[in-house]
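A.B. asks: Chains A and B supply the protein sequences, listed in that same order. Heads up: the first sequence begins at -6 in our numbering, then just goes up one per residue. Heads up: the second sequence begins at 365 in our numbering, then just goes up one per residue. For each residue, glycine too, the CB sits at the ideal point set by N, CA and C.
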Amino acid sequence: MRNIFFMIPVILLGYSTAFAGDTIRMGTEGAYPPYNYIDDDGNLAGFEIILGNELCARANLTCEWVKNDWDSIIPNLVSGNYDTIIAGMSITAERDKVIDFTQNYMLPRPSAYVAASEDVDLSGVISAQTATLQAGYIAESGSTLIEFATPDETISAVSDGEADAVFADYDYLAPIVEASNGDLMFVGDQVVLGLGTGMGIRESDTELKAKFNQAITSMKEDGSLNKLLIEWFGEGILTY
Amino acid sequence: MIFDCSSPDQLDRLMWSLCYLSNGKHITFYYSILKVLVLLALAAPISIGLGLFLAILAKSDISPLKLLGKFIILIVRGIPDIAWFMFFVIALDQGLEWVRHITLCPDWTEPIRQGADFLVCEKAKLPGNSSSETIHEIYGFILAIVTFSIIFGAFAGNIFYGALEAVPKDQIETAEAYGLNPRQIFWRISFKQMWIYALPGLSNLWMILIKATPLLFLLGIEDIVYWARELGGAKTPRFTEYPHGDWRLWYFLFLLIFYLTLTKLSEKVLDKLTRKLTYGMGFSGENFLQRQ
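1. With DSSP as the reference, label residue 144 of chain A as helix, strand or coil.
2. Smallest Cα separation from residue 395 of chain B: which of A/115, A/49, A/35 and A/233?
3. On the DSSP letters alone, give me the boundaries of the alpha helix (DSSP H) that residue 422 of chain B sits inside.
4. Using the Cβ count rule (16 or more neighbours within 10 Å means buried), how would you classify residue 475 of chain B?
5. Quick one: give me the first and last residue of the beta strand (DSSP E) that residue 638 of chain B is part of.
6. Measure from the C-beta of residue 182 of chain A to each C-beta in chain D and report whether the shortest distance is under 7 Å.
7. Are the C-beta of residue 120 of chain A and some C-beta of chain B separated by less than 7 Å?
8. Going by other Cβ atoms of all chains shown within 10 Å of its Cβ, with 16 needed for buried, is residue 591 of chain B buried or exposed?
9. In whole angstroms, what is the alpha-carbon distance linking residue 473 of chain B and residue 194 of chain A?
10. For residue 471 of chain B, which residues in chain A fall below 8 Å Cβ to Cβ?
11. Counting only beta-carbon atoms, is residue 33 of chain A nearer than 7 Å to chain B?
12. To which residues does DSSP link residue 29 of chain A through a beta bridge?
13. Pull out every residue of the segment 600 to 630 of chain B whose Cβ sits closer than 9 Å to any Cβ of chain A, in chain order.
14. With a Cβ-Cβ cutoff of 7 Å, do residue 85 of chain A and residue 187 of chain A count as a contact?
15. Using alpha carbons as the reference points, say which of B/559, B/496, B/424 and B/580 lies closest to residue 453 of chain B.
16. I believe residue 521 of chain B touches residue 408 of chain B by the beta-carbon criterion, under 8 Å. Please report the beta-carbon distance rounded to the nearest angstrom.
17. Check the Cβ-Cβ distances between residue 517 of chain B and every residue of chain A, and say whether any is below 7 Å.
18. With DSSP as the reference, identify every bridge partner of residue 477 of chain B, one or two as the case may be.
19. What are the residues in the segment 379 to 394 of chain B lying within 7 Å of chain A by C-beta distance?
20. Counting only beta-carbon atoms, is residue 481 of chain B nearer than 7 Å to chain A?
21. How many angstroms separate the CA atom of residue 625 of chain B from the CA atom of residue 575 of chain B?
22. Using a threshold of 6 Å, is the CB atom of residue 50 of chain A nearer than that to any non-hydrogen atom of the ligand NAD?
23. DSSP three-state label for residue 127 of chain A, please.
24. I need the DSSP call for residue 232 of chain A, collapsed to helix, strand or coil.
25. What did DSSP end up calling residue 604 of chain B once you bin it into helix, strand or coil?
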């Protein structure tokens, strides 16, 4: 028994990492199609996974994907569990105080309301995901906000009648509305929020930020980013 | 794959279900059930070991040890589980990285905390950035086991403390009269007899441990609750071969059945164990009546 107690510090201290170049850990949520989601095989898939892999290839980095809940996605970045957030996160002044962002890889996108009927009262109960731009917007709009940890639950709240409408990113809602066979529909006006979608990076990690900025610029310049955007979000998407 | 699942929308209901329930995502779900069982299998004996250790500390004649034992038991029992889970795991992880940082990178001059960022040198990271995601998951799981073991160990410590006190005084006196020294009395009389007094408390603790396993989810470990929620959520045809509506109810119903079964099985085993431990003790149930 005593040996075991002595072994623990030895194992923990002696544990050395085979330092094989730059491995960058990429944090994502995996619950936000088409940005990022888990496919039938249980692997991460989506626009940002393809984009992230391409950016890593261009920046000459080895990347590994990490799934993390949306709630704690920023705290886990700053405490060093992974090195970037690439999870459909809008660039906002508020988040910028805690972390840094690369330049955006998507221009500011509209957020929209979805409800189960046309004549719903948008000053009633609105569901949104916790700690999102949309939740902040609803909280200030005077409607009653109910928050959920995952985007999927915000939709279920509308189907169950718990909320009158859901307020979320248009591109997330569009495939859901399309698949609902008329049960769900867009209502009210769309609102453009935020400064576009970018990768979140620790404030102290200026070198990594520069590398990704460069990679994003190169994808913007050769048109490959536009191609990818149209492939995942359709012809209506704003391109660079 | 035994079945042909290449175009699920063409399959009949039974085959569709078989294909759906055996896709990669579901395999991960089944694997997470295993995680819960492994957690139980490891956390329970470690807690008992730690509990015994704490009880012996708290019963010690040397007063600093006695105080230490009582203090640990009190602190861990007093702090709400959720606060403990939130705080302890982060503190343990950062504490380990900090120690490694100091020992492995002595020439590092930049501060570890820069604003909100927690920065240690590359070598000090635990696990290292270059380790595979599996290693990171195993590391997280070990932290979880440690956290569970400390919480349940403190409760078990209190149970053992009470159980050692409950051993009849006349037994101890008889042992003294036979000339056994304190050490012999402890190991041969108190320790052996206290189990039966500890068992009701321990079985209670085991039930609570089973119920507490979904707290893994709080620690960011993708346990059965995470996968039940993920799999149950409505899926649109664009992103899956198996679109469906909101099935969370069914997945959570499955969790309910899983936990109830586990509880029922545990009850049976614990009943047997109680009967075995009371055998020949001369004070419990039928034995007691027969002696009279």
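C.D. replies: With the given structure in hand:
1. helix
2. A/35
3. 388 to 422
4. exposed
5. Residue 638 of chain B -> not in any beta strand (DSSP E); alpha helix (DSSP H) instead, spanning 612 to 642.
6. As a matter of chain content, chain D is missing from the structure shown, whose protein chains are A and B.
7. no
8. buried
9. 22 Å
10. What residue 471 of chain B touches in chain A: nothing, since even the nearest Cβ is about 16 Å away.
11. yes
12. A/25
13. 600, 601, 602, 603, 604, 605, 606, 607, 609, 610 and 612
14. yes
15. B/580
16. Wrong, their Cβ atoms sit about 14 Å apart, outside the cutoff.
17. no
18. B/482
19. 387, 388, 389, 391 and 392
20. yes
21. 12 Å
22. With respect to the ligand NAD, the structure offers nothing, as it holds no ligand at all.
23. helix
24. coil
25. coil
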